[in-house]
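Residue numbers (my numbering), protein chains in the order written: chain A, 1 to 386; chain B, 1001 to 1256; chain C, 2001 to 2287; chain D, 3001 to 3406.
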């Protein structure tokens, strides 16, 4: 039994490399911190990276795996940040340890956000594509509008979370955040690499066929929205413990879009890509903030926008595909190994059949149909052997 | 208990004023290979869509093994035992061949596995996955795609994609298999091969199969009974030879 | 009564922007997030022309010319290379373009809002409420543009080609329609509408800043979706409806802070009841 | 391969254990630390006696050749105009100080980071500044970010004197946090008293989405209830509404409309008044400073506001500042610029009074010293926004003037 478990995909190096990288990064950061070599700015940057990873990975579940565009992810984070941190602040009056407060409120914030995820998932059952995108965007704005007017959360002033905020004297927040990142990665990858993950990707690839295969589309759509919202809520709780005050301005659709940008830059459906993008974007933001003071700050958005447009066009433009293939790592490796490849090999390997020039394209095959002058005249049927 | 698997009664649907299909009465017996033929636009695929819950019939109803399935959703109908393939192939293109089949196996009671079992990787998850893989390989072997199991579905040649669709439908363990133009786009050699596969499926699984096909050699070589549709109505029905040689049918095809 | 008129004139602006959205979405099948920022560009050009002593008519023409050039250039540079790739990629590029336009205008004009001195057309009293002439003009022009667009799409060659492209790009291409040209024309029309919207926007809200376009853009997109995206009268109805609702909410003190929530809530409710919007055309996916 | 996977699994679990160990190890420190903090805050009242050492070198100030004053503010995004004003005002002050020979020959430097008016960016901005050798700070420009900045600064003990963040949580966030501007409640109470005394039909339009505006409005509301005066309220949400016809329509018959908002929206409201034919007197607080640039000749309403700063003042100091600002930036300074200018000078004066003569002075020691100076009874500062003294809470006490626009 254990042997077969160890043999499964879960324990292949390429499937757990991300755990290793995150864990090594965490251990390295802990060591540096223990030696007193880790600057506060880097510790705080690590927290930002951590919750960005959680957000990006969870949004990737919705966008990359389920194939539904959501522009309201910051809304779930907002729920977690306001309500989760609020709960934590109430708890802090009874419980002294900030860590325990955080852990409890993480669960609470996540669960409440998940409830909202369920509510947003409901329209997702009826709507698709851009319509769903605008509904999720609308949802995010509604949440924000409500929180900025409720008296319990400081209204426009925001929720002051000084009582529970992790300060320099506490256990560095990044440790807890990164352990959570590992847990989130574990859960998300387990989901994706299971029959349920297959069902979810099947819905993305072809909803009609998925339905015809008896996949419970309703259940899985709601399930994905709930899970993603749960994680976003957890990220929100971290946010509330990382900075004060929790203000509605942060959770605008612009932030949802920033998370989406992480997912798209990392590659939809690629968890490792999301991790990399969610690491790079906070670093870029931080470095640009550090390096571009004053008037140059406006340049930051300019650079950001240009990078965004450039990368998306480069990655997706059909016309650039041949250029991209030439310079991609895969292509370089293939080139290095291609010399010993005989044409017959290519012919026998269906993975390379797209490289074989054919005269008849698929459309022509499909269009063979009964037309005037090309009608089918039934032959004398020959009874097939039975 | 009769051995009639699928019975439709006065099945019909109209879109707006257009009667796409009207009063189709079918009776398909167990292990039967039944053909549904007719010129383009005759409403064959619409009948499939009615039987699988894509459209809801406006008149009539249909029964699978005596149980009325009208009004059920696509998912429910699939679980009751009707599986289908699609005329314009609808594979999960970005997934490997074996994963396509694994999706088909998703609802089998023997592979039931709560999402949280997978989420927390309880031992049951590994057990289920392994058994599913074995089963999927077995099904792929039947349609002759075992070798290709790790390729992306969209990289398969056309004929193999058709076969994969059949394998995937088969994986849902249906009592009735609906094949929508399974031989379209295949060369004669592949068609021959497919005929063997269809028969093998019928024999190995005691399957009842309803198929739409334009290739009359394929139909007449395979089916015991056919129904000929034209403009949404039944033109002829019964024994394959007789029905296909019906003057009305020939007229409908040649247009005279 | 007065609230209704205020709502109508605000709605007319939303409607004008929504028409641009709906045209571009209907034909190019892409959500042009940067549409709101094209309005901002138009508004700045009006501001610059007026501030340097130009006549309002000149400002109007210049802003339309600039917006059309802008729209077409953006389409050629940022969207055309992505034709045929996933809609999400196009959406992200559009967002990138939106950021780009905002930061460029901040670099040029600075971040602070600039006052625009625009000749007031005065006001008239109608049904006991005082209404500025500019809002009536906005409404009338909006209706005229809507009618003109409908006629354009139905009666002219280019318009019919647009419909063909929106139905099926591939088939349209096989019919000898230059799809790229049609999409460019669509963007040009959409941007011209944005320029018009910017002018009327300034008549009611005479102040420009780099982020001017984003909220009206989102609101107008909401309006377009409420009306049924791709439908020209739908955009008009959606815009006016949204404008009136916004004003009614604002006039109730308890509800006023929640205005945005009410507007977006309305969107969700309408889409849940009618997933294609009020006047949208249903498309059946072929199985 | 299989073996390798096992090794990795082992490594993974090991690292997890390590992490937990690290967590557990630090927890004890945590509780001890928080006790210290509480102890510290009890001693606030005797802040003046805190010992400091201005010769000490800071952790990150070894490379300083100038005194570094840090700040964050919105330099991009919706609120960018406020941040840029503060930056320009502060920079002007720095330039003047340097031109006059600095502090004992040592120049000053302003380092301002963009925070887009969001809390996390203010916090990372603070980190970057602190590690770049910042010695004293202007905090942040907008209230939320300033609270975030001040909280982080309090952890280290860095002095912050925010030019414009008027909400009370900002100065309550730490003992080292001070402000140059009026507090929101002060504005609200002063306005309520004035309006209740002089007018009958009072209307209010406030921005429910803005901390500054709702802060003033809440105080105003309470004061009006206390004075037993009724008024009509209207609100808007600056993020979403820029068309004020409805609000003005509702207040058309008022004698006076109180506008506890910023000048950009106030300009639009004034124009909406023209469109609606409403001739009410528009009265606001210091946020209205700058409204002159937002309106034109068409606006006939009388507008006036409570402010510590009048750009047209005859006062020599103010007109010198205005002239210098105009020469440098070819625009008239608004209140944010004046606040930024004053904040820099206040810090400079305090440092001069302290006799700071160490370019590498430790920000923490300097923080203690500056806090002691600012809260001491004999420190006052006379700037372009009036004469100021600070109380122990960090609030600034100064006299408002009423500026009238025609």
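C-beta: ideal position from N, C-alpha, C; glycine also.
It should be emphasised that the depicted structure is a prediction, and the values quoted were computed from it without experimental measurement.
Can you tell me which of the options puts its alpha carbon nearest to the alpha carbon of residue i?
i	options	result
residue 55 of chain A	A/181, A/315, A/210, A/307	A/181
residue 3079 of chain D	D/3093, D/3054, D/3200, D/3264	D/3264
residue 1083 of chain B	B/1103, B/1099, B/1151, B/1098	B/1103
residue 1204 of chain B	B/1143, B/1058, B/1227, B/1099	B/1143
residue 1004 of chain B	B/1153, B/1120, B/1034	B/1034
residue 3227 of chain D	D/3391, D/3200, D/3272, D/3111	D/3200
residue 1109 of chain B	B/1252, B/1173, B/1140, B/1006	B/1173
residue 272 of chain A	A/237, A/18, A/6, A/183	A/18
residue 63 of chain A	C/2181, C/2088, C/2066	C/2088
residue 249 of chain A	D/3230, D/3116, D/3087, D/3339	D/3116
With residue i as the anchor, note down where its beta strand (DSSP E) starts and where it stops.
i	result
residue 1232 of chain B	First-last for residue 1232 of chain B: undefined, no H or E at that position.
residue 1121 of chain B	Premise fails: residue 1121 of chain B is in no beta strand (DSSP E) and is neither H nor E.
residue 1007 of chain B	1004-1015
residue 3258 of chain D	3256-3259
residue 3235 of chain D	3232-3236
residue 1060 of chain B	1059-1064
residue 2156 of chain C	Here residue 2156 of chain C belongs to no beta strand (DSSP E), and DSSP marks it neither H nor E.
Going along chain D, which residues have a C-beta under 8 angstroms from residue i?
i	result
residue 2003 of chain C	3246, 3249
residue 250 of chain A	3118, 3119, 3120
Determine the chain B residues that contact residue i at a beta-carbon separation under 9 angstroms, and present them in chain order.
i	result
residue 187 of chain A	1119, 1120
residue 60 of chain A	Here the premise fails: no neighbours, minimum Cβ distance about 15 angstroms.
Taking the continuous alpha helix (DSSP H) assigned at residue i, which residues delimit it?
i	result
residue 3069 of chain D	Element bounds for residue 3069 of chain D: not the alpha helix (DSSP H) but the beta strand (DSSP E), 3067-3073.
residue 2007 of chain C	2002-2028
residue 2048 of chain C	2035-2051
I think residue i touches residue j, with their Cβ atoms under 8 angstroms apart; what is that distance to the nearest whole Å?
i	j	result
residue 1046 of chain B	residue 1087 of chain B	Contact flag wrong, Cβ pair sits at about 11 angstroms.
residue 2213 of chain C	residue 2040 of chain C	4 angstroms
residue 3165 of chain D	residue 3141 of chain D	7 angstroms
residue 3170 of chain D	residue 3146 of chain D	4 angstroms
residue 3369 of chain D	residue 3054 of chain D	6 angstroms
residue 61 of chain A	residue 227 of chain A	6 angstroms
In three-state DSSP terms, what is residue i?
i	result
residue 1127 of chain B	helix
residue 3181 of chain D	coil
residue 3396 of chain D	strand
residue 3033 of chain D	Any reading at residue 3033 of chain D needs caution, since the residue's pLDDT is 38, under 50, leaving its predicted position unreliable; the model's value is listed next. Of the three classes helix, strand and coil, the one that applies to residue 3033 of chain D here is helix, per DSSP.
residue 1237 of chain B	strand
residue 2062 of chain C	helix
residue 1045 of chain B	helix
residue 1331 of chain B	Here chain B comprises residues numbered 1001 to 1256, so residue 1331 of chain B is not present and cannot be evaluated.
residue 3112 of chain D	strand
residue 2107 of chain C	helix
residue 2144 of chain C	helix
residue 1137 of chain B	helix
residue 3404 of chain D	strand
residue 2258 of chain C	helix
Strictly below 7 angstroms CB to CB, what residues from chain A border residue i?
i	result
residue 1126 of chain B	4, 5, 8
residue 1189 of chain B	Per Cβ cutoff of 7 angstroms: no residues; residue 1189 of chain B is ~15 angstroms from chain A at best.
Run through chain C and tell me which residues come within less than 7 angstroms of residue i, C-beta to C-beta.
i	result
residue 218 of chain A	Per Cβ cutoff of 7 angstroms: no residues; residue 218 of chain A is ~15 angstroms from chain C at best.
Would you mind telling me which residues of chain D sit closer than 7 angstroms to residue i, beta carbon to beta carbon, in chain order?
i	result
residue 2010 of chain C	3243
So which residues on chain A does residue i lean against when the C-beta distance must stay under 8 angstroms?
i	result
residue 1102 of chain B	195, 198
residue 1207 of chain B	Per Cβ cutoff of 8 angstroms: no residues; residue 1207 of chain B is ~15 angstroms from chain A at best.
Could you list which residues in chain B have their beta carbon closer than 7 angstroms to that of residue i, in chain order?
i	result
residue 34 of chain A	Neighbours of residue 34 of chain A on chain B: none; closest Cβ ~32 angstroms, over 7 angstroms.
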